[in-house]
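Novice:
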Amino acid sequence: MSLWVDKHRPKDLMKLDYHKDQAVRLKSLVQQSDFPHLLVYGPSGAGKKTRIMCLLRELYGSGSERLRQETMHFTTPSNKKIEIMTVSSNYHIEVNPTDVGIHDRVVIMDLVKNVAQTHQIDSAGQREFKVVILNEVDDLTKDAQHALRRTMEKYVSTCRLILIANSISRVIPAIRSRCLTIRVPAPTETEIASVLHAVCKKEGLSLPPELAMRIAKSADRNLRRALLMCEACKVQHYPFTSDQKVPEPDWQIFIRETAAMILSEQSPKKLAEVRQKLYELIIHGVPPDVIFAGLLKELVCNCDMSMKCKIASYAAQYEHRMRLGNKPIFHIEAFVAKFMAIYKKFLEEALGDVF
Amino acid sequence: MLRPSKGKKWFKPVFDLDDNLPAKKIALDSPKVKSQDDEKNLQFASNTNILNNVRDSNWMKNFDPVNVEDLAVNNKKVLELEEWMKNSCLKLTNDILLLSGPVGCGKTATIQTLASKYNIKVTEWITPLDIEYPSEYGDYEFKEPQTKKFLEFIINSANFTSLLDNNSCKLVLVEDFPNIFLRTPAEFTEVLTFNAVTLTGLKGALKRASTIMNNKFSSTYNNPTTEIIDSVVNSSGGDVRSAILNLHFACLKGSTCNLETSIIKEKESKSKTSTRRKKNVSNKFMTLGKDQTVSILHGVGRVLNPKETVTEHGHKTLTHNPKDIIEQFLSHPSSFINFLHENYLPHYSCAYDVDEAATALSDADCMLAEWREQICQEYGLYTAVSGLMLANKSPVPAWNPVRGPKTMKVIYP
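First to last, the sequence lines map onto chains R and X.
In this text, residue positions in the first sequence follow our numbering: the first is 1, and each later residue adds one.
In this text, residue positions in the second sequence follow our numbering: the first is 1001, and each later residue adds one.
1) I need the straight-line Cα distance from L1071 (chain X) to D1230 (chain X), nearest angstrom please.
2) Which residue spans inside the stretch 239-308 of chain R form an unbroken alpha helix (DSSP H) run of at least 4?
3) Between the beta-carbon of S1210 (chain X) and the beta-carbon of G1104 (chain X), is there less than 8 Å?
4) I want to know whether the stretch 292-300 of chain R touches the stretch 245-265 of chain R - three or more CB-CB distances under 8 Å.
5) Just mark V1197 (chain X) as buried or exposed, buried being the case when its beta carbon has 16 or more other beta carbons within 10 Å.
6) Any Cβ of chain X within less than 8 Å of the Cβ of Q266 (chain R)?
7) Please state if the CB of T1359 (chain X) and the CB of A357 (chain R) are separated by a distance shorter than 8 Å.
8) Please list, in chain order, all residues of the same chain as S206 (chain R) whose beta carbon is under 8 Å from its beta carbon, the five residues on each side excluded.
9) So the candidates are R:S177, R:I182, R:A216 and R:A293; which of them puts its Cα closest to the Cα of A193 (chain R)?
10) In three-state terms, what does DSSP make of I1244 (chain X)?
11) Please state whether the Cβ-Cβ distance between L1345 (chain X) and A1384 (chain X) is less than 8 Å.
12) Taking the straight line between their C-alpha atoms, what separation do you get for F129 (chain R) and F330 (chain R)?
13) What are the residues in the stretch 305-323 of chain R lying within 7 Å of chain X by C-beta distance?
14) For V156 (chain R), which three-state DSSP category applies?
15) If we require 4 or more residues per run, which alpha helix (DSSP H) segments fall completely within the stretch 212-240 of chain R?
16) Would you tell me roughly how many angstroms separate the C-alpha atoms of K7 (chain R) and L211 (chain R), rounded to the nearest one?
17) On the three-state DSSP scale, how would you describe R1372 (chain X)?
18) Taking only runs of the alpha helix (DSSP H) that begin and end inside the stretch 1285-1352 of chain X, which ones reach a length of at least 4 residues, in chain order?
19) According to a CB-to-CB cut-off of less than 7 Å, which residues of the stretch 321-350 of chain R neighbour chain X?
20) Can you say whether H320 (chain R) is buried or exposed, counting buried as having 16 or more other CB atoms within 10 angstroms of its CB?
21) Just the C-alpha distance for G101 (chain R) and S1335 (chain X), rounded to the nearest angstrom, thanks.
22) Three or more C-beta pairs under 8 Å: does that hold for the stretch 43-52 of chain R against the stretch 16-25 of chain R?
23) Using a beta-carbon distance below 8 Å, is L271 (chain R) in contact with chain X?
24) R178 (chain R) and M152 (chain R) look like a contact to me (Cβ under 8 Å); what is the Cβ gap, rounded to whole Å?
25) Once the 5 residues before and after G63 (chain R) are set aside, which same chain residues still bring their CB inside 8 Å of it?
26) For W251 (chain R), collect the residues of the same chain with a Cβ closer than 6 Å to its Cβ; drop the 5 residues on either side in sequence, then sort them by chain order.
27) Let me know if N1416 (chain X) comes out buried or exposed under the rule of 16 or more other beta-carbons within 10 Å of its beta-carbon.
28) Mapping the DSSP letters down to three states, classify W1125 (chain X) as helix, strand or coil.
29) Take T181 (chain R) and list the residues in its own chain whose beta-carbon comes closer than 6 Å to its own, dropping the five residues that flank it on each side.
30) What is the DSSP secondary structure of V106 (chain R), counted as helix, strand or coil?
31) V336 (chain R) and L271 (chain R) - do their beta-carbons sit closer together than 8 Å?
32) If the cut is a Cβ gap below 7 Å, which residues of chain R does L1361 (chain X) touch?
33) Apply the 10 Å Cβ neighbour rule to Q236 (chain R) and answer buried if 16 or more other Cβ atoms are within range, or exposed otherwise.
34) In three-state terms, what does DSSP make of S1088 (chain X)?
35) Check whether the stretch 1315-1335 of chain X touches the stretch 1368-1386 of chain X, counting contact only when three or more Cβ pairs, one atom from each stretch, lie closer than 8 Å.
36) Would H284 (chain R) pass as a contact of L161 (chain R) if the rule is Cβ separation under 8 Å?
Written as structure tokens, this is what we have:
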């Protein structure tokens, strides 16, 4: 039994639930013989991958859905052996180069070279090119991005790249200009609600519209999260009632607790406790930038306007440094310490006014 | 560990079992003697007198303490040990004592002197190497296991006495206790800890050594001046053995007679470290003595508990300069910074100070990530160390255990 998210993923461009105009355009793009490199970007849970899989099906037919997992091995120039998981069909290969950290350049160069050097045997009924899908392009190192740029030009005849990113601000302009950039915006809440209804109908469940709307609201315009929440609701309590509790993701609650701890006391001892919480979050795979955003959102609730401004700017500063540095915990902790200092000063001044 | 025997009740064995044990020590020392011999041969081929003196197989023995008064160890410690020896050996109760202390603080020397004072025979165990040379087929053969050897040794040495000695008491001295038996150090009922030798103790020992030099070996050595003795004391760091070695090197006659210029040069290159309390300048050898490398934990302690001294002009300066701390250890910058990050919080008392410190660490991490410039590593380390030291305006004086940095790998279910 698979999750609803995977089970009810649309497989045809024409069956997508929203951004239909874009889907039509994509279809006509594919039907023409040539096909440029693509850079698909948008927030998570907006349906980037769904659209790309639909596109591949449109290109190659149902053969592109027979997937297999493989581990590929590469050797870095410094003779270090690295391995990376790939998902591939006969027509495409998908890889997440950031899995190997700073060695992503080697993966990109070797992988694209491998794929591009093998031509399709039977080119009569098929397309002349294979597709390489690269995930999380915005987290690639600068080195890898430049390598990507060169390989893109070199192997354009035998292989097409589809790059996936959350934001193109961290993709170098050279790559941006070589790709057709397609933005997939997050669905609106009403769109999410309608998708929820459709899925529940397929599952044979009845979903009250109020609950659907509440789930959509708390899902933060992330369709995947909305579907997961909806399924969690069903497990928790069925038949649905319109006032039932929508379960929140655990990490959100955890971050909120952490923020409450920071606000309760500003001392080195408290910071040590906060650090333990942060470790916990990081170890469980919550991305550090999400931790930053979550903490900031919770912390600024208790601040006046000028302080909000100050704290947001510090958060941005430390988040930027985190991107430059190696260890995220250093920078999150520095931000928490900075907030503690500012908040403590504010409290002391406020108390000084009282007396 | 010491172990008196019950030897009295036993017959003497037919052959002596333990006469080959101290051989290792001599073997260790002999290459040095040889090389010195060679030097001398080059310089004073004619002067046979010196050669005679130095040819003694273990010239360090010349300076070994003879009486209890000669020991550089704290008197109280010596008394304690003496007390224990009297109790356990002379009254023939079987007892074990664990002696601990830094290298060269005179553990073995104290035992040897005391034993000779009470006429007790000392049998010594030195842990042998496990691995033999590879056989023809290239695989290593293990000889008898250490445990077996050790037990055999203990049984033999405890039960039998040598044919050649006539006294009844016996001590078994185990240097480098085989670690296979060290699982539970708490089992040792009696533990005596020696500290590093104090400056005055060292000075006394060296004075004695210099009188020996004057009286017996005046042909080999120059008479060491008090300056030289001071320098030796300063550069040895509480280690008597290395102090004697240094003194030996500093006073060798050849260098002063023939290599006058180099000696002057060496004197110039001595670093001047002023000790404030005595208000006099004492020297330290640049080329001799132990290197003051600091272990990583020591370094962490120095950074997190910054000490300040006030100069004559009323300025405050750090006792341990951040630059010196950085120069004094050899590990990779990032591992040191991880240690600092894991441990700095309990030493801070004020949220404002923590803010500064955390920012310094964050800066340092950015710099360390820049792998293309080697100098960035150094700068990052400097930023972290000096940032942490300067930010802490009111350190918490309590002792905190140092914890190792955490690995922050994401755990996938």
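Even for Gly, the Cβ is constructed at its ideal location relative to N, Cα and C.
Since the model is a prediction, treat every value here as computed from it, not as a measurement.
Specialist: Working from what's here:
1) Roughly 18 Å between the two C-alpha positions.
2) The qualifying runs are 250-264, 268-283 and 288-299.
3) No, they are not a contact pair.
4) Touching, yes, given that three or more Cβ pairs across the two stretches are closer than 8 Å.
5) Buried: at least 16 other Cβ atoms inside 10 Å.
6) Interface residue, yes.
7) Residue 357 (chain R) lies beyond the residue range present for chain R, which begins at 1 and ends at 355; the question has no answer from this structure.
8) C200, P239 and F240, listed in sequence order.
9) Minimum Cα distance to A193 (chain R) is reached at R:A216.
10) In the three-state DSSP reduction, I1244 (chain X) falls in the helix class (H, G or I).
11) A1384 (chain X) sits away from L1345 (chain X), with the two beta carbons spaced by 8 Å or more.
12) Their backbone Cα atoms lie some 45 Å apart in a straight line.
13) Residues of the stretch 305-323 of chain R with a C-beta less than 7 Å from any C-beta of chain X: Y318 and R321, listed in chain order.
14) Look at V156 (chain R) here: in three-state DSSP terms it is coil, with no helix or strand label.
15) Taking 4 residues as the minimum length, the alpha helix (DSSP H) runs contained wholly in the stretch 212-240 of chain R are 223-236, in order along the chain.
16) The straight-line gap from Cα to Cα measures roughly 22 Å.
17) Three-state result, R1372 (chain X): coil.
18) Within the stretch 1285-1352 of chain X, the runs of alpha helix (DSSP H) at least 4 residues long that lie entirely inside it are, in chain order, 1296-1304, 1322-1327 and 1333-1343.
19) For the stretch 321-350 of chain R, which is checked against every Cβ of chain X, the residues closer than 7 Å are R321, L324, G325, N326, K327, I329, F330, H331, E333, A334, A337, K338, M340, A341 and K344.
20) Of the residues assessed, H320 (chain R) falls on the exposed side of the cut-off, its CB having fewer than 16 other CB atoms within 10 angstroms.
21) Near 19 Å, if we compare the C-alpha coordinates of S1335 (chain X) and G101 (chain R).
22) Under the Cβ criterion (8 Å, minimum of three pairs), the stretch 43-52 of chain R counts as touching the stretch 16-25 of chain R.
23) The C-beta of L271 (chain R) comes closer than 8 Å to at least one C-beta of chain X.
24) About 6 Å; that satisfies the 8 Å criterion.
25) For G63 (chain R), where only same-chain residues beyond five positions count, the Cβ hits under 8 Å are S89, N90 and Y91.
26) The residues are V286.
27) Residue coverage of chain X in this structure runs from 1001 to 1413, which leaves residue 1416 (chain X) outside it and unanswerable.
28) The answer is strand: DSSP assigns W1125 (chain X) an E or B state.
29) Hits under 6 Å: L39.
30) V106 (chain R) falls in the helix class under three-state DSSP.
31) Against a cut-off of 8 Å, the Cβ pair of V336 (chain R) and L271 (chain R) comes out as a contact.
32) Among the residues of chain R, those whose CB is under 7 Å from the CB of L1361 (chain X) are F330 and A334, following chain order.
33) Counting Cβ neighbours within 10 Å, Q236 (chain R) comes out exposed, since fewer than 16 surround it.
34) Reduced to three states, the DSSP call for S1088 (chain X) is helix.
35) By the Cβ criterion, the stretch 1315-1335 of chain X is in contact with the stretch 1368-1386 of chain X, since at least three pairs of Cβ atoms, one from each stretch, lie closer than 8 Å.
36) At the C-beta level, H284 (chain R) and L161 (chain R) stay beyond 8 Å of one another.
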